[in-house]
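Asks: Let me give you the structure first, and then I'll get to my questions.
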Amino acid sequence: MILAPEFYQHSNVVAIARKLLGKVLITHIKSEFTAGRIVETEAYSFKERGCHAYNGRKTLRNEVMFAPGGVAYVYLCYGMYNLFNVVTNKADKAEAVLIRALEPVAGQDIMLKRMNVEKLTRITSGPGKLTRAMGIERLHNGVLLGDTITIEDAKPIGSSKIITTTRIGIDYAGSDAKLPWRFYVKDNEWVSKW
DNA sequence: TAGAGGATTGAT
DNA sequence: TCAATCCTCTAC
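If you want the working numbering, it's the 1-based position in the first sequence plus 9.
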């Protein structure tokens, strides 16, 4: 069953990031079907400096974050990696969950082809890599989840298996870089970093 | 309009 | 530890 818009429009982005663990991200792009279980996420909110929309700052790049929850926010990082986020909260409350790692569950052969590798090892263990494996590009920025890109409901991960830590790669955010807003599944080999 | 830098990754 | 690589934002 596909997650309803209400799931994303909740006002607590950190809670949503936690609940997304275990759900299945599905893409149907260029007639190719791939799916992966979400095993690592990070929360971002307009209330803290790590977020592109900090303090309500709205630009051409991040305006999708100001849409109602349930759309994709895809942007280019470091000139070469597309990062995939799910926008949450209501309109003008710019919050999002960055999907950082997946465990492939369907279409693995397509992922291998997209990554140009032969072995199914750590091909989706990182936000830049999973978008490439899933076929997600910047043209998908702003698309409503449910068609080309979908997240399907699944059994929640037990709280004893969820690890909470600080987010990665946002040292510039000062004290906000210390917020415990990164979640991942314990002992899962697909997580980006241990 | 130019210059700096980034929610990363893989090779050294 | 460092370069690849290019889009976006900020300042002039």
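Idealized CB from N, CA, C, for every residue including glycine.
In its own chain, which residues sit with a C-beta less than 8 Å from the C-beta of ASN71, not counting the 5 before and 5 after it?
Replies: HIS61, ALA62, TYR82, TYR84, ALA103
Asks: In chain order, which continuous runs of the beta strand (DSSP E) of length 3 or greater are located wholly inside the stretch 51-123?
Replies: 81-86, 90-97, 104-115
Asks: Given ARG46, which residues of its chain have a CB within under 6 Å of its CB, disregarding the five upstream and five downstream residues?
Replies: VAL33, GLU112, VAL114
Asks: Identify, in the order they occur along the chain, each residue of the same chain with its Cβ nearer than 8 Å to the Cβ of GLY116, setting aside the five sequence neighbours on each side.
Replies: GLU41, PHE42, THR43, ALA44
Asks: Identify whether GLY135 lies in helix, strand or coil by the three-state DSSP scheme.
Replies: Coil, per DSSP.
Asks: In chain order, what residues of the same chain have a beta carbon less than 6 Å from the beta carbon of MET143, not counting five sequence neighbours either side?
Replies: THR36, THR43
Asks: For GLY151 versus VAL80, is the C-beta distance shorter than 8 Å?
Replies: Less than 8 Å divides the Cβ of GLY151 from the Cβ of VAL80.
Asks: Closest by CA to LYS99, which one among VAL22, VAL194, MET10, HIS149?
Replies: Nearest option by C-alpha distance: VAL22.
Asks: Work out the CA separation of LYS170 and ALA163 for me, nearest whole Å.
Replies: 15 Å
Asks: Between LEU12 and ILE158, is the Cβ-Cβ spacing less than 8 Å?
Replies: no
Asks: Between GLU57, VAL96, GLU49, ARG123, which lies nearest to GLU15 when the distance is taken from Cα to Cα?
Replies: Comparing Cα positions, the closest option is VAL96.
Asks: With DSSP as the reference, identify every bridge partner of THR157, one or two as the case may be.
Replies: THR157 pairs with nothing; no bridge assigned.
Asks: How far does the alpha helix (DSSP H) with ILE25 in it extend, from its first residue to its last?
Replies: 22-28
Asks: Which residues bound the beta strand (DSSP E) around TYR17?
Replies: Run containing TYR17: none in the beta strand (DSSP E); it sits in the alpha helix (DSSP H), 14-17.
Asks: Check the C-beta distance from GLU57 over to TYR193 and give it rounded, since I have them as a contact under 8 Å.
Replies: GLU57 to TYR193, Cβ: 20 Å. No contact.
Asks: Where ASN91 and VAL106 are concerned, what is the direct C-alpha to C-alpha distance, given to the nearest angstrom?
Replies: 14 Å
Asks: Grab me the residues of GLU51's own chain with a C-beta within less than 8 Å of its C-beta, minus the 5 sequence neighbours each way, in chain order.
Replies: ALA26, VAL106, LEU107, ARG109, ARG176, ILE177, TRP190, ARG191, PHE192
Asks: Cβ atoms of GLY65 and ILE179: under 8 Å apart, would you say?
Replies: no
Asks: Count the other C-beta atoms from every protein chain shown that fall within 10 angstroms of the C-beta of MET94, then say buried if there are 16 or more, exposed otherwise.
Replies: The sequence given here has Asn at residue 94, not Met. Classification for ASN94: buried.
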